[in-house]
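Engineer: In terms of my numbering, the sequence shown opens at residue 846 and continues consecutively.
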Amino acid sequence: DDWRAAAVAWAAAADWPRASASYLRAQLFNEAADALLNSGDPHHAAWIMADQLNQPLRALRLVSENTPSDEWGRLEADLIIARCDVRTNPGGSAKRLRIIVAKFRDMARQNRPVTTSSERRALEWSKLLAAALKRGDLSAALETVGSAATGADRGVDG
846 DDWRAAAVAW AAAADWPRAS ASYLRAQLFN EAADALLNSG DPHHAAWIMA
896 DQLNQPLRAL RLVSENTPSD EWGRLEADLI IARCDVRTNP GGSAKRLRII
946 VAKFRDMARQ NRPVTTSSER RALEWSKLLA AALKRGDLSA ALETVGSAAT
996 GADRGVDG
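(1) Helix, strand or coil: which one does DSSP assign to A985?
(2) Can you give me the start and stop residues for the alpha helix (DSSP H) that S884 sits inside?
(3) Starting from A904, trace the alpha helix (DSSP H) both ways and give me its first and last residue.
(4) Would you say R980 and A939 are within 8 Å of each other, going by their C-beta atoms?
(5) So what's L978 in DSSP terms, helix, strand or just coil?
(6) What's the C-alpha gap between S867 and E969?
(7) What is the DSSP secondary structure of N875, counted as helix, strand or coil?
(8) If you run the structure through DSSP and keep just helix, strand and coil, what is V959?
(9) Span of the alpha helix (DSSP H) holding S867?
(10) Can you say whether D896 is buried or exposed, counting buried as having 16 or more other CB atoms within 10 angstroms of its CB?
(11) Can you check whether the CB of V990 is closer than 8 Å to the CB of R943?
(12) Once the 5 residues before and after D930 are set aside, which same chain residues still bring their CB inside 7 Å of it?
(13) Would you mind reading off the limits of the alpha helix (DSSP H) that contains V946?
(14) Nearest by alpha-carbon distance to G885: which of L898, E910 and P901 is it?
(15) Helix, strand or coil, according to DSSP, for S914 in the structure here?
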């Protein structure tokens, strides 16, 4: 597979961001998580562990070892925790997600677009979490606020 070959080449060159992206496209999630850790992105690695690899304990350990100092980093951590809890505590996961949906609604009301990589990632992960929870109401809310926050409803590239 071309993506796997590219990932191996990027990893050999220690270009971990490109290696992780290529591993993800090749759906080699263990390797992608390792590359993300090597690139200094433990939250993305933890998300892959929770969402794709069904390794919630490993993901939770990474979150606990990498406490973010900024608001969006904390929201990412909440999303990872919520994703880990989908099977054991879906109500708690939905509650965490509703808090994040409210954050995006506030942004949309203020006509504040999603601009940072952390904001875009939180929006993407929120949509994936809503799908994992099988919560159509939260998925619809995220599509609505996501369109407004990215400018898609105004014909603006997001």
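Note that the Cβ used here is the ideal one computed from N, Cα and C, for glycine as well. Quick caveat: nothing in here was measured; it's all calculated off a predicted structure.
Structural biologist: Put simply:
(1) Residue numbering aside, residue 985 sits at position 140 when the sequence shown is read from its first letter. Three-state result, A985: helix.
(2) For this step, residue 884 is matched to residue 39 along the sequence shown. In the DSSP annotation of this structure, S884 is not part of any alpha helix (DSSP H), being labelled neither H nor E.
(3) Taking the first residue of the sequence shown as position 1, residue 904 is located at position 59. Start and end: P901 to E910.
(4) Numbered from its first residue, the sequence shown carries residue 980 at position 135. Numbered from its first residue, the sequence shown carries residue 939 at position 94. For R980 and A939, yes; Cβs fall inside 8 Å.
(5) Numbered from its first residue, the sequence shown carries residue 978 at position 133. Three-state result, L978: helix.
(6) In the sequence shown, the residue the question calls residue 867 occupies position 22. In the sequence shown, the residue the question calls residue 969 occupies position 124. When rounded, the distance between both Cα atoms is 19 Å.
(7) Locating residue 875 in the sequence shown gives position 30, where the first residue counts as 1. In the structure shown, N875 adopts helical secondary structure according to DSSP, grouped into three states.
(8) The residue you call residue 959 lines up with position 114 of the sequence shown. Under the three-state reduction of DSSP output, V959 falls in the coil class, being neither helix nor strand.
(9) Residue numbering aside, residue 867 sits at position 22 when the sequence shown is read from its first letter. Note, S867: alpha helix (DSSP H), W861 to R870.
(10) Working through the sequence shown from its first residue, we reach residue 896 at position 51. Around the beta carbon of D896, 16 or more other beta carbons sit within 10 angstroms, so the residue counts as buried.
(11) Reading the sequence shown from its first residue, position 98 is the one you call residue 943. Reading the sequence shown from its first residue, position 145 is the one you call residue 990. With a cutoff of 8 Å on beta-carbon distance, R943 and V990 are scored as not near each other.
(12) Mapped onto the sequence shown, residue 930 falls at position 85. Around D930: G937 and S938.
(13) The sequence position of residue 946 within the sequence shown is 101, counting from 1. Annotation: the continuous alpha helix (DSSP H) that includes V946 extends over P935 to R954.
(14) Working through the sequence shown from its first residue, we reach residue 885 at position 40. Ranking L898, E910 and P901 by Cα distance to G885 puts E910 first.
(15) One-based indexing of the sequence shown puts residue 914 at position 69. Three-state DSSP puts S914 in coil, outside helix and strand.
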